[in-house]
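Structure, as C-alpha cells:
4 protein chains.
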Amino acid sequence: MWSNSLGKAFTVTCFGESHGPGVGATVDGCPAGLSLTIEDLQQALDLRIPQEKEVVSTRREPDTVEIFSGVFQDYTTGAPITLNIRNRDAKSSDYEQLKDVVRPGHADYPAKVKYGGFSDYRGGGRLSGRMTAAFVVAGAIARKVLSRSGVEVLAYTREIGGVRLETLPNPDDARKVTYENSMRCPDPVAAEEMRDAVLSAKADGDSVGGVVECTALNLPVGVGEPLFDALDSELAKILFGIPAVKGVEFGAGFQASRLRGSENNDQYEIKEGRITTLTNNSGGVLGGMSSGMPLLLRVAFKPPSSIAKAQKSVDVSRMEETSLSVQGRHDPCVVPKAVPVVQAMVAIGLVDLMIRGGIIPRVLKS
Amino acid sequence: MWSNSLGKAFTVTCFGESHGPGVGATVDGCPAGLSLTIEDLQQALDLRIPQEKEVVSTRREPDTVEIFSGVFQDYTTGAPITLNIRNRDAKSSDYEQLKDVVRPGHADYPAKVKYGGFSDYRGGGRLSGRMTAAFVVAGAIARKVLSRSGVEVLAYTREIGGVRLETLPNPDDARKVTYENSMRCPDPVAAEEMRDAVLSAKADGDSVGGVVECTALNLPVGVGEPLFDALDSELAKILFGIPAVKGVEFGAGFQASRLRGSENNDQYEIKEGRITTLTNNSGGVLGGMSSGMPLLLRVAFKPPSSIAKAQKSVDVSRMEETSLSVQGRHDPCVVPKAVPVVQAMVAIGLVDLMIRGGIIPRVLKS
Amino acid sequence: MWSNSLGKAFTVTCFGESHGPGVGATVDGCPAGLSLTIEDLQQALDLRIPQEKEVVSTRREPDTVEIFSGVFQDYTTGAPITLNIRNRDAKSSDYEQLKDVVRPGHADYPAKVKYGGFSDYRGGGRLSGRMTAAFVVAGAIARKVLSRSGVEVLAYTREIGGVRLETLPNPDDARKVTYENSMRCPDPVAAEEMRDAVLSAKADGDSVGGVVECTALNLPVGVGEPLFDALDSELAKILFGIPAVKGVEFGAGFQASRLRGSENNDQYEIKEGRITTLTNNSGGVLGGMSSGMPLLLRVAFKPPSSIAKAQKSVDVSRMEETSLSVQGRHDPCVVPKAVPVVQAMVAIGLVDLMIRGGIIPRVLKS
Amino acid sequence: MWSNSLGKAFTVTCFGESHGPGVGATVDGCPAGLSLTIEDLQQALDLRIPQEKEVVSTRREPDTVEIFSGVFQDYTTGAPITLNIRNRDAKSSDYEQLKDVVRPGHADYPAKVKYGGFSDYRGGGRLSGRMTAAFVVAGAIARKVLSRSGVEVLAYTREIGGVRLETLPNPDDARKVTYENSMRCPDPVAAEEMRDAVLSAKADGDSVGGVVECTALNLPVGVGEPLFDALDSELAKILFGIPAVKGVEFGAGFQASRLRGSENNDQYEIKEGRITTLTNNSGGVLGGMSSGMPLLLRVAFKPPSSIAKAQKSVDVSRMEETSLSVQGRHDPCVVPKAVPVVQAMVAIGLVDLMIRGGIIPRVLKS
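Protein chains in written order, with this note's numbering: chain A, 3 to 368; chain B, 3 to 368; chain C, 3 to 368; chain D, 3 to 368.
Given below as C-alpha cells:
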C-alpha cells in the first residue's frame, strides 16, 4: 500500500507534486484551542529557504500557504487542518529530458518500475524536495503545540562538506545564530567555512552533503511507546522520510559502538532535587523512552544527486547506456534547507507521541 | 498508547517478560500455504546465542518454542501464528536490588516514571534483551516467506570493540562463516581479534559495543512505500526496536555526507541486459524504494549497560545518590546475539513491505 | 485521537467544514494507471443533490471540484489524490442562534463538550452533511477502480416516511430508474408516494427518515479480512460514518433473527458450472467474506433533526431551558441525498478490501 | 491483509482455532495499575456458556485461562497481556465430512477459496464460535478498566425465536436476572417462552436466532472520534466481528427511519443541574459521540447454520451437488452464548475510545 501519512494520534497526511497544482498536508488530531494564524505558518515557510541565492536553488516567487480547514476564529477546532501551498514558477520543460533517462542517485528508476510508468516525472514529481514545504508548515503547528508544554525543538547544521562544528553548540546559539547565516549553523565562523565548501563544489558542477543535528529541550520523562513505537524508532522512521537522508543516530550514536560501557553509560546524580545524568551519551533516550535529558540526534544527508558533471546513465525505454549532465537550477547542498525540515519532523513525531502518551491533552485551555 | 506490534500487512505482535511465564509473538498476515514446522523455528532459536560461554550470558536450559495457532498439517493457514517460548531458569532474586536503584544506561528510570511503578523490574521485565527470542522466531517465518521469492537476508558482525572488518564481506562468507565463530563475523581472523576485545572488557568488569551489518539479496525493484513507509523508514523504525541500538545507516550512510555528489552517485550501466549501478553507495535504496541493487545497512549497538564496575546511581524511592555495581550474569557484548536479531527484523520488515506492494501473494502455491 | 481517515490500503482522509473555505478529501493508495478526469468527479458531484427544490435544501450555486494532486496526463500516478470543493453561498448568520442553544438530535451538545467550545458551530461545522460532498467525489474514484474489475455498486431508496418498496428491485431498474426521480427510488410509483410523504412532513415543519439499500454485483469470492476487518465489519463502520445513520443490516438482517436455520441458510447448487445459492439471505457475506452472491445491505436513516417545529432545548452557557425552532433551509428528508453517499462509501470500502486482499493490483494496465 | 486485531489504543489481537492447541488474545494498551487476577478472568469464562445442557452445545471439560504476560504482583504493568485458553475435548473426527462439502450458511466456501485450501476446516477452524472465548476474557479486562471510571456495560437477550421482551428492561433486572436463566434474559417469564422456542427448534433438527441488546451506563459525554472512528462506527465494526451477526442498530435504530423528526428528536431539559433528554431515541449517540444518555444498541443474530435437517450443498473438490445433514453437537441458538460476547466486545470498544479520548489515563492510581 502507498503511505503518505505520519503518526497515529497527531497524523500528517502529505500530498502534492513538484510541478502539479501544489503541495500540502492535512494535520489530523491537533488539539482544539491552539491559537493559530496564517502568519504562524507563513513565517515558518519564509525561513525554509536561505535568502542567499548563491548557495541554494530557489523558485523565484515566494510560497504562500492557505488554511483550508480546521481553524475557526484563529483557534484550532480539533477538526483536520488542511494546508495548501500552490506551485508557481515551475518550469516543466526543464524535465522533458528526464522522461526516459534516469538520474543517478535519484528515485527515477525505481519509481518508473514501481508505478508502471505513470508517475509524474517532472522535477521528481511526488518524490521531490518540494514536499518538504508541506512538512515545514505542518511542523510549525506541531512546534506551537509543543510550546504549550514548554518543549522546544532546535535543529541546526552540524557538518557540511567535511567541515564539522566540533563542539556541541549551546542552545542559545542554536536558537539565535542558526538562521542568521545561509548555512543554518549556530557558529558563524564554521558557517563561513561550510559556505566555502558549498561554493567550491558548485563551481565544480558538483555537490556536497552534511549532517543536521537536532535537540529537544524540556521533554518530560517517558515519551515514546516501547517496544515498537519507541521514541527513537518513531523519530528515525519520520526522519528517513526526508529526501536524501542516509543515516540517523541518537546521542553518541555510531561512536557509542566504539566506547566501553563504563564510558558510555550516563551515570545518575541528583541536582537541584531532580534526577539527572552526568553525561548524555544516550541522547535523552533510554529503552525507547525520553529520559528527561535533552533529546539529541543527528541526521546524515547525502550530497544532492542532481549535478552538472557528466555521469553514466541509462535510457530505460531504449535500454541504452547514455551520459547525463543534469541541467537547470539545482542545490549544491540541501543541508541548509534541511535544517527547518528536521526541526519540523522531530516536532511532529514528538507531538504524536506526547498525545499518545496522554501528556498533551485534546483541548488546550488558556 | 502502548505499541507492541510491527507492520501493517505482515504484523508481529510481541509479548512477554524476562522473568514472567515466557515471551512470544503473534504473526498475523503470513501467507497461507507456507510449509512450516517446529523444527524451522527451533533451528533459528538454537542459533540465537553463541555456544561459547565466555563471551555471552546465557540461561542454562535451552529455549524451546511452541506453535500455538495458525499452522495445520505443517502448512500455514493464513490465520495468526502464535509462538510461545516459556522462561526457565530465571533467577528473580538477582534483581531485588534493582527495585529502587536505577541502572545507568538502562530503561529502569523512564520505565518507573512512565508506568507509575507498576512495571516488572525483574531482569528489565518487558524491556529486556529476552524479547529478541520472540523476534528471532517470528523472523524465521519471515525468512521462509522471503525464500519463496528468492530473497535472502544476511546479517553479520562488522565491528566489535573498535575492531572493524575493513572490507565488505562477500555473500558467500556472510552465509557460511558467520555462524562458525562466537562473534558472528564472516572473517575468522577479525573474529579472533573481536573476541579478544570482548574478553578484555569482560576481565575489566566492563563491556564493548559494535556494528552489525545486514544485506538483502535479490530484492525486486520498488519495495517500499514512499513517502512515509519507505524501505529505509520502515527498516530504521524496526531496527531501533532492538534494545541497545543507537544508529542506523544505509549504504555509505554517514560517510556519504562527506562525499561529493559525483563520488556518491551510483552511475547506471546495462549489464547482461539488466540495469545496474557501478557502485552501491545508496545501499540499494533510492527515494525510499529498493533499487534492485543489494540492500545494505548498518546498525550501531552500544556497549551493554550492565557492568560490574561501580557507577554513580540514584535510589529513586529515597531520592538519594548511591553507587551501583550490577551483579549477576551479563553480556560483555550484545553484538553476536544481535546478528540473528537484525537478520530477523530486516526479514520481517521486508515481508511486510512486499505483501503491501503486492509482490508476495496471500496464498503461496507449491 | 481524532480520526478522519478511512481504510488501510485505499485510504480516504476527509477535511473541511460546512461554512469554512471548503471541504475535500485525500485519496491515498489509488492504483496508478486509472484514467481519471475532472469530468468523472464533477458528474458524480452533480448527481449528489436532486434537482427538485421542493424536497431538498440546497445551496444556490452548484459545487465544483478541483484535483489538486495525484493525477498526471489524465491518469492516476499512485500518489495521493487531493480533491477540493470550495464552499460558496454559505449564510453563517443563520447559525448565530446556535452558538449556545443545542439542537435536539444534532451533535451540538457533545461536540461542545468534547472540543471545549472551540468547534465551528456554523451549520454543524465539521459535523455537517456537507462532508458527504467529499465522500461522493472520493467514491467516484473508488467506483472507477471497481469498474476495472467488473464490480458495480448500486444504491437506491428502499423506504421513505414509512413508504416501502416491497420487492427487491432488479439491478436494471436500480441502474436506470434511480436517478430519474428526486426520491432516488428505482420504482417510479413508489417514488411518487415517498415524495408525498416528504412534502407532507415539510408542510408540517417536520421531517421523515427512510432506508437506503445497496448492492454490489460481480464481487469475487473472498473479499474481506476476518476476523476483524471482515467485509460486513468494515462496511458497517464506514456506513455509520455517514450522518444520520442509525442501523445497518446485511441480507435478511434483523429479519434473519426471526427465521429458523432451515429457512435462513442459503443452500448451495451448481449453476452453469458455478457454485451459487438458491437464496441470498446472507446478503453475499459469509464469515466476513464475500460469498460470490450479490452483496446486499440496508442503511437506516433517521429523520433530519433540524425542524421548524418548536422543541425543548437548553442554552448551555446560561444552563437554562429554552424552546427552539430551527430556522433556515433544511432537508425534510436526507434519504435521496444519502443514496449516492451510500454508494460512494460502499465502493470505498470494497476497493480498500480488494487491494488488501491482493485482488486489485497496484498498477492498472490498459 | 489479514486482520485479527481490534482497536488503536487498547488493542486486542486474537488467535487460535477451534481444534488446534487453543485460542487466546493479546491485550495491548491496558493501563498499568489495574488489579487483575486469574479469578477475574476465569469467572467471566465460567459464565460464558449456560449450564443447561439442553439449550447449548458445550465441550465436556470447562475452559481455563492462563495469563502469560503483562501482569506482575496482581497488577497490570502496561505491557501486553497475553491470555491462553487451551482446547480440550475437541473431536476432530466429526469434521472430516466437511473437508470438501461446504455447509450452507457457514464460511466454509469463501474460506476455502480465499485461503487456497490451506485453512483449518475442523470445526470451522479459525472461523468458529470458539473464538468468542478469547473475546470474553479480553472483555473481562476491559470491563474492569471501565469500572474504574464508573462505566458499566450490560448485555442481555432481547429476543429469541420471535419471542420478544416488549419493554426495555430496567438496569437492575439486566444486572441481576440475566445470568439466572439459560436464555440470558432479564425477564424470567419471557425467558421461559424463549427456551420453549429453542427446544422446539432443536426437536425439529433446526435452529433459531434472536437479538441481543446492550447498554452502557455512566458514559461521559464525548466518547467517540468523528468522523470515522465514531462511537457507533467503532462498535458496529467490532460487533460484526462476532460470528452470526447480521445487523446492528442504535437507539430507535431501523424504527427511527419510520418516525418523524419531531417524534425521534430527543428534546433537552435540565434535571438536577444536569443536561439530559426526555427520550433516548438516539441510543446515547449523537454525531458519533456519546451524548451522556445511556448507550443503547441491538445486535441481530441469525439462527445457527449447523442443523441436522438435510440441506442442498456442493462437494467443491468434485464439483458435485450433494445433500448435507450436519452431524455432531450443535447449538440450536447462539443468542444466550452471545450475550457475554456482546458485553465483552462493547466494553473493548469503549475502553479503546476512552483511552484515545484521553478519558482513561495510562496509569490507574489507587
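Yeah, the Cβ is synthetic: ideal placement off N, Cα and C, and Gly gets one too.
Within chain D, the residues Gly360 have their CB atoms less than 7 Å from the CB of Pro363/A, given in chain order.
Around Val341/A, no beta-carbon contact reaches into chain B at under 7 Å, the shortest distance being about 14 Å. Pairing Lys314/C with Asp206/C, the inter-Cα distance amounts to about 17 Å. In the three-state reduction of the DSSP assignment, Leu49/C falls in the coil class, being assigned neither a helical nor a strand state. Here the alpha carbons of Asp231/D and Val247/A stand approximately 34 Å from one another. Within the DSSP bridge table, the entry for Asp30/C names Thr13/C as partners.
Interface criterion not met: the Cβ of Asp42/C is under 7 Å from no Cβ in chain D. At a Cβ-Cβ threshold of 7 Å, Ala349/C and Arg145/C count as neighbours. Close to Lys304/D, with beta-carbon spacing below 9 Å, lies no residue of chain A; the smallest spacing is near 33 Å. Spatial neighbours of Gly31/B in its own chain (CB-CB distance under 6 Å, excluding positions within 5 residues in sequence) are listed in chain order as Ala11, Phe12, Thr13. In the structure shown, the three-state DSSP call for Tyr270/A is strand. Contact with chain A is found for Gly80/C, since one of that chain's Cβ atoms lies less than 7 Å from the residue's Cβ. Judged by pairs of C-beta atoms under 8 Å, the region 302–320 of chain A touches the region 261–271 of chain B, as three or more such pairs exist. For Phe256/B, a Cβ of chain A is located within less than 7 Å of the residue's own Cβ. Counting the other Cβ atoms within 10 Å of the Cβ of Arg124/A gives 16 or more, which makes it buried. Of all alpha-carbon atoms in Val341/C, Leu129/C, Leu100/C, Gln53/C, the one lying nearest the alpha-carbon of Ala109/C is that of Leu129/C.
Secondary structure note for Arg358/C: it is in no beta strand (DSSP E), and the uninterrupted alpha helix (DSSP H) holding it is 337–358. DSSP, read as helix, strand or coil, puts Asp231/A in strand. In the three-state reduction of the DSSP assignment, Ile309/C falls in the coil class, being assigned neither a helical nor a strand state. Under the 8 Å Cβ criterion, the region 221–230 of chain A counts as touching the region 286–299 of chain A, having at least three qualifying pairs. In the displayed model, Gly24/A falls within a strand according to three-state DSSP. With its beta carbon less than 7 Å from one in chain D, Thr28/B belongs to the interface. Given a length threshold of 4 residues, each whole run of the alpha helix (DSSP H) inside the region 170–236 of chain B is given here in chain order: 173–178, 190–205. Put simply, the CB of Asn282/B is far from chain D, with every gap to its CB atoms at 7 Å or more.
Sequence-distant Cβ neighbours of Gly360/D in its own chain, meaning closer than 8 Å and more than five residues away, do not exist here.
Within the region 214–242 of chain C, contact with chain B at the beta-carbon level (separation under 7 Å) is assigned to no residue.
Just so you know, the alpha carbons of Val191/B and Ala258/A end up roughly 24 Å apart. Here the alpha carbons of Asp268/C and Lys178/B stand approximately 58 Å from one another. For Ile143/B, the uninterrupted alpha helix (DSSP H) segment begins and ends at 134–149. Cβ neighbours of Ile143/A within its own chain (closer than 7 Å, five residues either side excluded): Val29, Cys32, Leu38, Ile83. Annotation: Cβ neighbours of Pro112/C in chain D (cutoff 7 Å, chain order): Val223, Gly224, Leu288, Gly289, Met291, Ser292, Ser293.
Across the region 127–148 of chain A, CB contacts with chain C closer than 8 Å involve Gly127, Arg128, in sequence order along the chain. Near chain A, meaning a CB-to-CB distance below 9 Å, the residues of the region 185–219 of chain B are Ala203, Asp206, Gly207, Asp208, Ser209, Val210, Gly211, Gly212, Val213.
The shortest CA-to-CA distance from Pro173/B to any of Glu161/B, Gln45/B, Cys187/B is the one to Cys187/B. As the crow flies, the alpha-carbon of His21/B is around 15 Å from that of Tyr77/D.
Glu154/A and Leu148/A have their C-alpha atoms spaced approximately 7 Å apart.
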